[in-house]
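S.K.:
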């Protein structure tokens, strides 16, 4: 299927693992791309991204500026920033606000992060108040917060619909993750869930898998086989959405640590797949 569109495809810097944001800035142009989703917090578990290789809110202003200068020097754009936190924790909310300020510094228009989990209606109402506070802060800076497909109030289509309708905030939207919808929802149909929520989607994570429930298998796009990226593009384009679509390759549980060259090759195969199916020109 050919998608007649100019989709904006980016790379989440976590795809470069321990090589971090600098590695992403230095190598993304070789893929024929120039847009990054810049991680501003560490990542642990099956994908390790040390705090030392990302521009966190803890850094002094001069070091944050050095990252912005490096982006500019390489002709790379920070389309979005990835940096959620615990939205029921007042300290987590303050960290997210500082990351929204990093968005402004880097010229990004979207902050991607988790919406949060709740155990009862009291938690939900408090979480909604906190998210609205963050949404208002984002609005003052011209930023949109895009909630991840993570456990909690945005784990799947029905939960996303409820949350978006309840919040009803123009600066609180969704990041739809094509791999996580399968990882967190046994037997889910990616396109069915996407169709439920496309009107609220302002950002994507393009992630492939074999479709296994809680199976950490996120290879190059096209290698997993469970996600029809051409159909994802068609649904999005039909709704008037052309990006950002941020590639997120989190690797395969148990595989050896990848070299920079192996990470770049996996990303290149992903770009090639998107071009082969007409998703990317």
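Numbering (my numbering), first residue to last: 1 to 281.
Glycine is no exception: its CB is placed at the ideal position from the N, C-alpha and C atoms.
Computed from a predicted model, the values in this text were never measured in an experiment.
Where do the ends of the alpha helix (DSSP H) carrying residue 94 lie?
M.R.: 90-106
S.K.: Hey, quick one: how far does the alpha helix (DSSP H) through residue 201 stretch, first residue to last?
M.R.: Here residue 201 belongs to no alpha helix (DSSP H); instead the beta strand (DSSP E) covers 201-206.
S.K.: Would you give the residue range spanned by the alpha helix (DSSP H) that residue 79 belongs to?
M.R.: Segment 77-82 is the beta strand (DSSP E) holding residue 79; no alpha helix (DSSP H) there.
S.K.: For a test of the three-state rule: what should DSSP assign to residue 160, helix, strand or coil?
M.R.: helix
S.K.: Report the CB separation of residue 132 from residue 108 in whole angstroms; it is logged as a contact under 8 Å.
M.R.: Residue 132 to residue 108, Cβ: 21 Å. No contact.
S.K.: Return the chain-ordered list of same chain residues with a C-beta closer than 7 Å to the C-beta of residue 279, the five sequence neighbours on each side being excluded.
M.R.: Same-chain partners within the cutoff: 3, 7, 229, 230, 233.
S.K.: Got a sec? Which residues, its chain only, sit under 6 Å from residue 74 by beta carbon, not counting five neighbours each side?
M.R.: 25.
S.K.: Can at least three beta-carbon pairs, one atom from the stretch 58-78 and one from the stretch 133-140, be found at a separation below 8 Å?
M.R.: no
S.K.: I'd like the span of the beta strand (DSSP E) that includes residue 12, first residue to last.
M.R.: Element bounds for residue 12: 9-12.
S.K.: Give every residue of the same chain whose Cβ lies closer than 7 Å to the Cβ of residue 193, excluding the five residues on either side of it in the sequence, and list them in chain order.
M.R.: Hits under 7 Å: 156, 157, 181.
S.K.: Can you tell me the Cβ-Cβ gap for residue 70 and residue 105, rounded? I've got them flagged as a contact below 8 Å.
M.R.: 13 Å between Cβ atoms; not a contact.
S.K.: For the structure I just gave you, are there three or more beta carbon pairs, one from the stretch 196-215 and one from the stretch 158-176, closer than 8 Å?
M.R.: Contact between the stretch 196-215 and the stretch 158-176 is present, because at least three Cβ pairs lie under 8 Å.
S.K.: Hey, how far is the Cα of residue 163 from the Cα of residue 38?
M.R.: 26 Å
S.K.: Do you know how far the Cα of residue 242 is from the Cα of residue 220?
M.R.: 21 Å
S.K.: From the DSSP output, read off the bridge partner residues of residue 146.
M.R.: 112, 173
S.K.: How many Å lie between residue 60 and residue 235 at the Cα?
M.R.: Note on geometry: alpha-carbon atoms of residue 60 and residue 235 lie some 42 Å from one another.
S.K.: What residues match up with residue 246 in a beta bridge as DSSP calls it?
M.R.: 10, 205
S.K.: Determine the contact status of residue 148 and residue 84, defining contact as a CB-CB distance below 8 Å.
M.R.: yes
S.K.: Using the three-state DSSP reduction, which class does residue 153 fall into: helix, strand or coil?
M.R.: DSSP, read as helix, strand or coil, puts residue 153 in coil.
S.K.: Is the beta carbon of residue 248 less than 8 Å from the beta carbon of residue 205?
M.R.: yes
S.K.: Give the DSSP-derived three-state secondary structure of residue 252 in the structure shown.
M.R.: Looking at residue 252 - three-state DSSP - the assignment turns out to be strand.
S.K.: What does a CB cutoff of less than 8 Å around residue 64 pick up in its chain, not counting 5 residues either side in sequence?
M.R.: 55, 102, 105
S.K.: I think residue 240 touches residue 226, with their Cβ atoms under 8 Å apart; what is that distance to the nearest whole Å?
M.R.: 26 Å between Cβ atoms; not a contact.
S.K.: Excluding the 5 residues flanking residue 161 on each side, which residues of the same chain have their C-beta closer than 7 Å to its C-beta?
M.R.: Only 196, 197 meet the Cβ criterion.
S.K.: Do residue 127 and residue 172 have their C-beta atoms closer together than 8 Å?
M.R.: no
S.K.: Under a three-way DSSP split, which group does residue 43 fall into?
M.R.: strand
S.K.: Please name the residue, chosen from 136, 90, 86, 13, that lies closest to residue 51 on a Cα-to-Cα basis.
M.R.: Considering only alpha carbons, the answer is 13.
S.K.: Near residue 273, which residues of its chain fall below 6 Å by C-beta distance, leaving aside the five closest residues on each side in sequence?
M.R.: For residue 273, same chain residues with a beta-carbon under 6 Å away, outside a window of 5 residues either side, are 221, 222 in chain order.
S.K.: Count the other CB atoms, across all protein chains shown, that sit within 10 Å of the CB of residue 90; report buried if there are 16 or more and exposed otherwise.
M.R.: exposed
S.K.: Whole angstroms is fine: what's the gap from residue 208's alpha carbon to residue 218's?
M.R.: 5 Å
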